[in-house]
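Asker: Below you'll find the structure I mean.
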Amino acid sequence: MKKTGTVYLVGAGPGDPDLLTLRAARLLEHAELVVHDGLVDPAVLALAPPAAELVSVAKSRARHTLAQDQINALLVREARAGRDVVRLKGGDPLVFGRGGEEAEACRFAGVPVEIVPGISAANGAAAAAQITLTHRDASSVVSFVAGQCKGLAEQDWAGLADKGRTLVIYMGVKTAPQIAEKLMGDGLAPDMPVAVIENACRPEMRVLRGPLAALPDLVVRERVKSPALIVIGEVTAREDAVVAQLMETMA
Ligand code: SAH
């Protein structure tokens with residue numbers, strides 16, 4: 652009987668291949684089968700050997716794509732057939748990446764699974780935009796939330812973005828107007844500073860800033876597209892971050 656392969660759940664980081672861990676790069680360079688999401692940058696996929704089989708399980712409305720349980724089944728089936736599988740996910744596999752579900756499916760099926768962390772979009776975007784997520788004087792709590800979550804209206808986020816806190820919203824472009832409305836309805840000041848970072852760590856990155864009340868307009872006027880992060884909190888308006896952006900515009 653063939654030896655069961657291992658499933659490696661690998662974080663591909665936010666875009667730039669230089670932001671892969673060495674472990675991710677090594678696994679990719681020796682991969683025979685790579686199963687990847689749509690968010691994984693083509694420059695990262697290019698590190699796989701030419702003979703490697705690349706399977707996209709990108710989410711797309713336009714075409715038929717695999718449901719999560721079909722992805723789980725694919726990983727298990729390939730590993731049972733004796734192949735090692737590099738399952739590449741944008742950012743970190745365990746931050747809004749369903750890595751937990753895939754690891755569980757593998758464990759349940761008796762397939763060895765290893766998780767390789769990646770730089771999550773929040774860390775990549777913060778570094779690229781020179782926004783500190785914590786600051787001794789300005790923020791001692793950072794929260795990552797999903798803007799597309801079910802029951803947005805029932806969530807209590809205001810406390811997450813109040814004074815001394817930083818709120819990072821993933822998958823929030825479409826729901827930006829509801830998010831802004833909800834946060835202000837929950838008591839957050841309309842002039843609370845916000846930064847939107849689109850395509851962080853990619854050549855086409857944009858960093859947009861404004862007060863919370865102007866977030867819905869900003870997203871429409873600038874035609875912000877996914878992938879983008881919304882960061883809310885005083886840290887986004889600290890002089891160091893704003894000066895860094897000004898210098899970039901002048902360069
Ligand atoms: N596992 C990923 C998150 C997947 S959810 C991680 O750890 O980063 C997908 C969301 O991540 C996108 O909707 C967007 O909000 C964010 N995202 C991923 N890559 C990004 C990038 N390069 N720039 C800005 N946001 C990004």
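Residue numbers for the sequence shown, in my numbering: 652 to 902.
Positions of the beta carbon are idealized from the N, C-alpha and C atoms, including for glycine.
(1) Please state the DSSP three-state secondary structure of LEU784.
(2) Between which two residues does the alpha helix (DSSP H) holding ARG731 run?
(3) Count the other CB atoms within 10 Å of the CB of GLY802; is the residue buried (16 or more) or exposed (fewer)?
(4) Sorry if obvious, but does the Cβ on ARG633 come closer than 7 Å to a heavy atom of the ligand SAH?
(5) Please check the pair ILE770 and GLY664, which I expect to be a contact at CB under 8 Å, by giving their CB distance rounded to whole angstroms.
(6) Might you give, ordered along the chain, the residues of its own chain that have their beta carbon closer than 8 Å to the beta carbon of VAL870, omitting 5 neighbours on each side?
(7) How far does the beta strand (DSSP E) with GLY662 in it extend, from its first residue to its last?
(8) Checking the sheet assignment: what are the DSSP bridge partners for SER794?
(9) Consider the C-beta atom of PRO768 and the heavy atoms of the ligand SAH; say whether any pair is separated by less than 7 Å.
(10) Please say whether VAL762 and THR672 have beta carbons closer to each other than 8 Å?
(11) From the DSSP secondary-structure annotation, give me the bridge partner or partners of LEU859.
(12) By the 10 Å Cβ neighbour count, where 16 or more other Cβ atoms means buried, how is LEU897 classified, buried or exposed?
(13) DSSP three-state label for ALA754, please.
(14) Would you decide whether MET901 is buried or exposed? Buried here means 16 or more other CB atoms lie within 10 Å of its CB.
(15) Going by C-alpha distance, which of ARG889, GLU873, MET835 is nearest LEU863?
(16) Should SER790 go down as buried or exposed, given a rule of 16 or more other Cβ atoms within 10 Å for buried?
(17) Is DSSP giving LEU684 helix, strand or coil here?
(18) In whole angstroms, what is the alpha-carbon distance linking LEU696 and MET822?
(19) Which residues in the same chain have their Cβ closer than 7 Å to the Cβ of ARG749, if we skip the five residues on either side of it in sequence?
(20) State yes or no: is the C-beta of VAL764 within less than 8 Å of the C-beta of THR887?
(21) When you compare each of ASP688, ARG872, GLU832 to ILE722 by their alpha carbons, which one comes out closest?
Answerer: Inspection of the coordinates gives the following:
(1) coil
(2) 719-731
(3) exposed
(4) Not covered by the structure: residue 633. The range shown for the chain is 652 to 902.
(5) 4 Å
(6) VAL824, ALA827, PRO828, VAL847
(7) 658-662
(8) LEU818
(9) no
(10) no
(11) VAL847
(12) exposed
(13) helix
(14) exposed
(15) MET835
(16) buried
(17) strand
(18) 23 Å
(19) GLN719
(20) no
(21) ASP688
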